[in-house]
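Engineer: With this note's numbering, you'll find the sequence shown wraps up at 732, consecutive numbering, no jumps.
C-beta: ideal position from N, C-alpha, C; glycine also.
Being a predicted model, the structure only gives us computed values, none of them experimental.
One structure, as structure tokens, below. Some questions next.
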Amino acid sequence: MNNLKSQILTALLFLTIAIIGPLSIVTGAEKPAVAKPAAAKPKPDYPPLDQVLKDYKKVVSTADGEKSLYDIWTREKDGQMLAALPSGYASKRFFIALTVASGEDFAGLQAGDMYVYWKRYDKRLALIEPNIQIKSTGDQESKSSVKRLFTDRVILDVPIVTMSGGSPVIDMDALLVGQAGKFFGPRVRVSNTRLIKIKKAKAFPKNVELAFEIPTENGRLQTLHYSISEIPGKTGYKPRKADERIGYFTTGYRDYGQFKDPDTMVRYINRWNLEKADSSLNVSPPKNPIVFYIEHTTPVRYRRWVREGLLYWNIAFEKVGISNAIEVYYQDKGSNAHMEKDPEDVRYNFIRWLSNNRGTSIGPSRVHPETGQILDADVILTDGWIRHFWTTYQEIMPEIAMEGIGPETLAWLQNHPNWDPRIRLAPP
């Protein structure tokens with residue numbers, strides 16, 4: 305009986321396996337596959353532009369709305385500044401003029417300049433100074449040797465903050481204040497970058513003007529001014545070698561392809577690209593005249609004389625066959641004439657007037673560093689000259705004229721007043 309019961313249980317066990325086994329196989333075959341998790345999106349190289357520019361304000365300086373050389377954004381509350389490099393920046397060359405605008409005895413005088421270009425290294429940009437001081441116009445072997453020995457120089461590098469339409473955006477205050485010593489040298493040392501203040505931010509089509517007030521190591525506040533402009537490529541200008549008989553400003557380089565030592569130093573005279581409109585004429589107007597604007601800050605009583613002084617140079621240009629080479633216009637606040645033009649815009653040449661009681665005058669110009677072509681220029685006059693002229697003529701000259709004159713001469717002058725220097729030097 306027990307044996308029969310055992311056989312029945314065994315038969316039931318096999319029957320159960322036979323029925324359930326295939327069901328489990330079918331069920332397992334029909335079970336849907338588990339979906340794999342989606343691949344994570346790659347992390348962007350830079351944060352979004354709008355996120356970076358939060359609380360920043362774009363600088364617009366042109367009345368005509370023309371696009372500026374660099375796009376500039378500022379955040380005044382903490383002295384922060386960002387800039388987007390221009391399109392095609394890698395193939396462009398830039399000129400940086402440096403000025404300590406306040407905080408030292410000779411503030412306002414240009415402290416140096418640089419000729420540079422930008423080069424990208426992954427997520428960083430290097431500011432590089434090209435070698436233009438040493439060249440070779442000799443044979444191919446000489447050119448190859450000079451190119452290998454005298455290479456470009458890296459001045460500094462900065463991280464790329466974000467991108468703006470394919471153009472890198474960089475931190476300008478970190479560049480121009482944080483690394484000010486790379487531009488100005490040891491004369492400028494910023495003691496605390498948390499205390500900087502933006503003093504100027506102007507963006508024009510061909511240049512940007514940026515200035516920061518910084519505390520120096522001794523606590524004195526200084527203003528560092530940077531003028532950044534684009535140097536054009538080929539302009540059709542033909543450089544002219546300087547004549548050693550005539551002293552003037554020059555742009556030069558060493559030519560190691562020449563054998564004799566005097567020939568290795570090449571100097572081009574700095575001059576305007578002034579050409580005849582009609583080369584067949586003995587005297588022709590220029591293709592493009594040199595145009596100056598007399599700034600509205602110039603006292604009205606002197607404007608006429610400043611203009612006549614400038615136009616007087618046309619006599620010299622006529623002798624080389626160019627008539628009316630220079631044109632001069634008044635900028636006037638009352639009539640609003642030419643008030644849309646900013647003296648710091650390198651598209652315009654200005655005569656500027658400073659009422660600072662100093663007898664100085666300077667004529668800073670921006671010159672192509674490889675050809676000597678003057679690209680733009682400004683002339684700065686001061687009221688100190690007028691004061692000095694008046695003092696010399698009214699006070700110093702009469703005293704000098706009377707020095708050493710004895711009683712007998714004075715008595716003679718009483719009878720011959722036309723010879724009295726005090727009368728001859730008196731105002732008409």
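Can you check which of these residues, 448, 525, 580, 492, is closest to residue 416 by C-alpha distance?
Structural biologist: As a position in the sequence shown, residue 416 is number 112, starting the count at 1. When only C-alpha atoms are compared, the closest one is 492.
Engineer: Mind reading off the beta-carbon distance from residue 597 to residue 529? Whole number of angstroms is fine, and I expect it under 8 Å.
Structural biologist: Walking along the sequence shown from the start, residue 597 turns up at place 293. Walking along the sequence shown from the start, residue 529 turns up at place 225. Incorrect: roughly 21 Å between the Cβ atoms, too far for contact.
Engineer: Whole angstroms are fine: how far does the CA of residue 594 sit from the CA of residue 680?
Structural biologist: The count along the sequence shown starts at 1 and reaches residue 680 at position 376. The count along the sequence shown starts at 1 and reaches residue 594 at position 290. Rounded to the nearest angstrom, the two C-alpha atoms are 9 Å apart.
Engineer: By the 10 Å Cβ neighbour count, where 16 or more other Cβ atoms means buried, how is residue 472 classified, buried or exposed?
Structural biologist: Start at 1 with the first residue of the sequence shown, and residue 472 comes out as number 168. Answer is buried; the Cβ neighbour count reaches 16.
Engineer: So, helix, strand or coil for residue 545, using DSSP?
Structural biologist: The residue given as residue 545 occupies position 241 in the sequence shown. Residue 545 falls in the strand class under three-state DSSP.
Engineer: Pull up the DSSP beta-bridge partners for residue 424, would you.
Structural biologist: For this step, residue 424 is matched to residue 120 along the sequence shown. Residue 424 is bridged to 429.
Engineer: Considering residue 351, what are the terminal residues of the alpha helix (DSSP H) in which it resides?
Structural biologist: In the sequence shown, the residue the question calls residue 351 occupies position 47. Here residue 351 belongs to no alpha helix (DSSP H), and DSSP marks it neither H nor E.
Engineer: Excluding the 5 residues flanking residue 438 on each side, which residues of the same chain have their C-beta closer than 7 Å to its C-beta?
Structural biologist: For this step, residue 438 is matched to residue 134 along the sequence shown. Contacts found: 450, 454, 557, 558, 560.
Engineer: What are the boundary residues of the beta strand (DSSP E) that includes residue 530?
Structural biologist: Counting from one through the sequence shown, the residue named residue 530 turns up at place 226. Per DSSP, residue 530 belongs to the beta strand (DSSP E) from 525 to 535.
Engineer: Measuring CB atoms only, is the region 623 to 637 touching the region 565 to 574, in the sense that at least three cross pairs come out at less than 8 Å?
Structural biologist: Cβ pair count under 8 Å is below three, so no.
Engineer: Note down, in chain order, each residue of its chain lying with its Cβ closer than 6 Å to the Cβ of residue 457, except the 5 sequence neighbours on either side.
Structural biologist: The count along the sequence shown starts at 1 and reaches residue 457 at position 153. So the qualifying residues of the chain are 433.
Engineer: Using a Cβ-Cβ cut-off of 7 Å (strictly less than) and excluding sequence neighbours within five positions of residue 678, which residues of its own chain qualify?
Structural biologist: Position 374 of the sequence shown, counted from the first residue, corresponds to residue 678. Closer than 7 Å at Cβ, skipping near neighbours: 574, 575, 576, 669, 671.
Engineer: Can you confirm whether the region 351 to 369 touches the region 498 to 511 when touching is taken to mean that 3 or more C-beta pairs between the two stretches lie within less than 8 Å?
Structural biologist: Enough Cβ pairs lie closer than 8 Å, so yes.
Engineer: Taking DSSP's pairing of strands, which residues face residue 466 in a bridge?
Structural biologist: Taking the first residue of the sequence shown as 1, we reach residue 466 at position 162. In DSSP, residue 466 forms a bridge with 473.
Engineer: Please return the same chain residues whose Cβ sits closer than 6 Å to the Cβ of residue 730, not counting the five positions on each side in sequence.
Structural biologist: Indexing the sequence shown from 1 puts residue 730 at position 426. Hits under 6 Å: none found.
Engineer: Using a Cβ-Cβ cutoff of less than 7 Å, which residues in the same chain neighbour residue 482 once the five nearest sequence positions on both sides are dropped?
Structural biologist: Here residue 482 is taken as the residue at index 178 of the sequence shown, counted from 1. Same-chain partners within the cutoff: 497.
Engineer: List, from N- to C-terminal side, the beta strand (DSSP E) runs of 3 residues or more that fit wholly inside the region 380 to 418.
Structural biologist: As far as the region 380 to 418 is concerned, its whole beta strand (DSSP E) runs of at least 3 residues are 384 to 388, 397 to 406.
Engineer: To the nearest angstrom, how far is the alpha carbon of residue 486 from that of residue 394?
Structural biologist: The count along the sequence shown starts at 1 and reaches residue 486 at position 182. The count along the sequence shown starts at 1 and reaches residue 394 at position 90. One C-alpha to the other measures close to 21 Å.
Engineer: Would residue 572 be called buried (16 or more neighbouring beta carbons within 10 Å of its own) or exposed?
Structural biologist: For the purposes of this step, residue 572 is taken as the residue at position 268 of the sequence shown. Buried, because 16 or more other Cβ atoms sit within 10 Å of the Cβ of residue 572.
Engineer: Residues in the same chain with beta-carbon distance under 8 Å from residue 618, minus the five sequence neighbours each way, listed in chain order, please.
Structural biologist: Here residue 618 refers to the residue found at position 314 of the sequence shown. Cβ within range, chain order: 627, 628, 629, 630.
Engineer: Let me check understanding here. Comparing Cα to Cα, which of 501, 467, 470, 469 lies closest to residue 480?
Structural biologist: The residue you call residue 480 lines up with position 176 of the sequence shown. For the residues 501, 467, 470, 469, the minimum Cα distance to residue 480 belongs to 501.
Engineer: Give me whichever residues DSSP pairs with residue 716 in a beta bridge.
Structural biologist: Locating residue 716 in the sequence shown gives position 412, counting from the first residue. The partner list for residue 716 (beta bridge, DSSP) is empty, contrary to what the question assumes.
Engineer: How many angstroms separate the CA atom of residue 373 from the CA atom of residue 428?
Structural biologist: What you label residue 373 is simply residue 69 of the sequence shown in a count that begins at 1. What you label residue 428 is simply residue 124 of the sequence shown in a count that begins at 1. Spanning the two alpha carbons is a distance of roughly 20 Å.
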